[in-house]
Amino acid sequence: MTSSERASGSIGTPVALIIGSCVSMQFGAASAVQLFPELGTWGVTALRLTIAAIILLIAGRPRFFAWTKQQWVAVVYFGLTLAGMNGFFYAALGHLPLGPAVAIEFVGPLLLSAVLSRRLVDFAWLGLAAAGIALFGIDGVVGGAPLAPIGVVFALIAATFWILYIRVSARIGQLIPGVGGLAVALAVASVVLLPFGVPAAIELALRPELVWLAIGTAVLASVAPYTLELMALRRLPQRVFGVLVSLEPVFAALFGWLLLSQAISPLKMIAIALIAGASVGIALATRAKTEPQPVAVMTGSVPVIRES
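Mapping to full-length UniProt numbering: the sequence shown position 79 is 79, numbers consecutive.
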């Protein structure tokens with residue numbers, strides 16, 4: 001996609017893609033939680049990435065035999081970031097409540113947005129989103145036990161991998177058409193997590209009633225959201241994406257209220273309002289902006305993106 005195509009595209013499409021990713025993630029998380037007692041958090045992570053890789057390899061049929069060295073390096077890098085981002089986040093959930101874990105992990109994309117932002121209005125929307133994420137975290141620890149240091153460390157590592165995920169996912173979207181790059185990257189992540197995946201696969205073979213739940217988890221928590229985010233990053237600057245993905249805990253709270261009758265506290269209500277306002281604001285500002293977009297630079301036959 002060229003810079004002119006990016007500039008002329010509607011902001012509504014990538015926003016819808018991100019919302020779709022957030023919604024899919026919530027259904028995927030609900031499915032994954034049911035598998036944790038049987039397969040363990042790392043086992044579920046390894047299995048869902050493996051199943052997702054198989055699905056996308058069959059559906060996308062990437063022509064990886066024709067890839068250049070540059071494309072292969074980017075895909076392997078992408079796979080390592082997927083393994084780290086997923087693995088360490090679930091490891092954090094083993095020591096932290098969901099709210100604080102999500103809040104800490106969101107330090108990653110919000111920090112990336114801050115680094116890439118150049119206008120004061122961008123920092124205003126970023127500040128609103130950061131305040132909302134912080135309130136989600138505070139709500140999760142009010143009246144609870146102190147946060148386990150090892151859990152905080154795991155969540156911060158996951159946040160670092162999330163920064164890398166956004167950067168390399170955007171690059172993969174420009175280097176490799178379709179979902180081929182994502183499919184092979186998921187396969188790489190599966191190999192990295194193989195020590196956790198083998199015991200989980202054996203347990204799954206002994207419990208065939210869990211197979212469809214595992215497949216559903218892979219589709220809802222990996223195939224759909226990662227594909228939608230890859231498509232969004234082909235259309236959005238990374239700094240805008242970093243703010244818009246903060247909608248994820250908003251949807252988590254809303255789904256918990258609608259489907260599980262979980263109460264939304266006053267702090268969460270304020271957090272939802274702040275993040276929703278930030279997302280709407282940066283979306284409208286992006287649609288109206290006149291600043292230059294990332295420029296596509298042709299190197300041989302492969303487009304490479306350079307931030308202007």
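Beta carbons: idealized from backbone N, C-alpha and C, even for Gly. Computed from a prediction, not measured in an experiment: that's the story for all the values here.
Spatial distance of residue i from residue j (CA atoms)
i: L192; j: F89; result: Rather than Leu, the amino acid found at residue 192 in this sequence is Val. Rounded to whole angstroms, V192 to F89 spans 16 Å at the Cα level.
i: V223; j: P149; result: 32 Å
i: I51; j: G40; result: 16 Å
i: Q174; j: R167; result: 11 Å
i: V23; j: A253; result: 11 Å
i: P97; j: V141; result: 8 Å
i: L267; j: G132; result: 9 Å
i: V211; j: L204; result: 7 Å
i: residue 326; j: L116; result: One cannot answer for residue 326 here, as it falls past the ends of the chain, which runs 1 to 308.
i: V179; j: G256; result: 31 Å
i: D139; j: P100; result: 8 Å
i: T160; j: V245; result: 15 Å
i: M231; j: S21; result: 10 Å
i: A53; j: F196; result: 16 Å
i: A129; j: A91; result: 25 Å
i: I19; j: A271; result: 17 Å
i: L258; j: Q70; result: 46 Å
i: P303; j: I55; result: Because P303 sits at a pLDDT of 40, beneath the cut-off of 50, its placement in the model cannot be relied upon, and the point is left open.
i: S10; j: L284; result: 11 Å
i: F78; j: T68; result: 15 Å
i: A155; j: E209; result: 32 Å
i: E38; j: L120; result: 49 Å
i: residue 313; j: V102; result: In the structure displayed, the chain extends from 1 to 308; residue 313 sits before or after that span and is not available.
i: S261; j: P237; result: 36 Å
Nearest neighbour of residue i, chosen from the options [CA to CA]
i: A218; options: T45, I172, T13; result: T45
i: S169; options: P14, A189, V75, F27; result: V75
i: A158; options: V188, I104, A114; result: I104
i: P225; options: I270, Q26, A205; result: Q26
i: V152; options: I166, A32, A278, H95; result: H95
i: L111; options: P100, G127, L120; result: G127
i: L17; options: I163, R235, A263, L210; result: R235
i: P109; options: V121, Q71, I163; result: I163
i: I176; options: P62, E248, S21, R48; result: P62
i: L35; options: A214, L156, M231, T81; result: A214
i: M85; options: P37, P195, L186; result: L186
i: residue 348; options: G60, W72, A32; result: With the chain covering 1 to 308 only, the question about residue 348 has no answer from this structure.
i: E229; options: L93, L82, T160, L147; result: L82
i: W72; options: I172, L258, A134, A91; result: I172
i: L194; options: L49, R207, V121, G137; result: L49
i: A135; options: L284, M269, G277; result: With the sequence shown as reference, residue 135 is identified as Leu, and Ala is not the correct amino acid for it. For L135, the nearest C-alpha among the options comes from M269.
i: S265; options: W67, G137, A155; result: G137
i: L80; options: L233, P37, Y165, S261; result: Y165
i: G181; options: T227, E209, F154; result: T227
8 Å contact criterion, which residue i and residue j should meet: CB distance rounded
i: V250; j: I275; result: 5 Å
i: L57; j: A183; result: 5 Å
i: W42; j: G87; result: 6 Å
i: A29; j: A273; result: A29 to A273, Cβ: 23 Å. No contact.
i: S113; j: V15; result: Rounded, the Cβ-Cβ distance is 15 Å, inconsistent with contact.
i: D122; j: R239; result: 6 Å
Cβ-based burial, residue i [other Cβ within 10 Å; buried from 16]
i: F65; result: exposed
i: T13; result: exposed
i: A189; result: buried
i: I305; result: Unreliable placement is indicated for I305, whose pLDDT of 37 sits below 50; the coordinate value is still reported in the next sentence. Flag for I305 reads buried.
i: I202; result: exposed
i: S279; result: buried
i: A263; result: exposed
i: R118; result: exposed
i: residue 341; result: The question about residue 341 has no answer, for the chain in this structure spans 1 to 308.
i: A59; result: exposed
i: P146; result: exposed
i: L93; result: buried
i: S8; result: Confidence in S8 is poor, its pLDDT being 41 and thus under 50, which makes the residue's placement too unreliable to answer from.
i: V198; result: exposed
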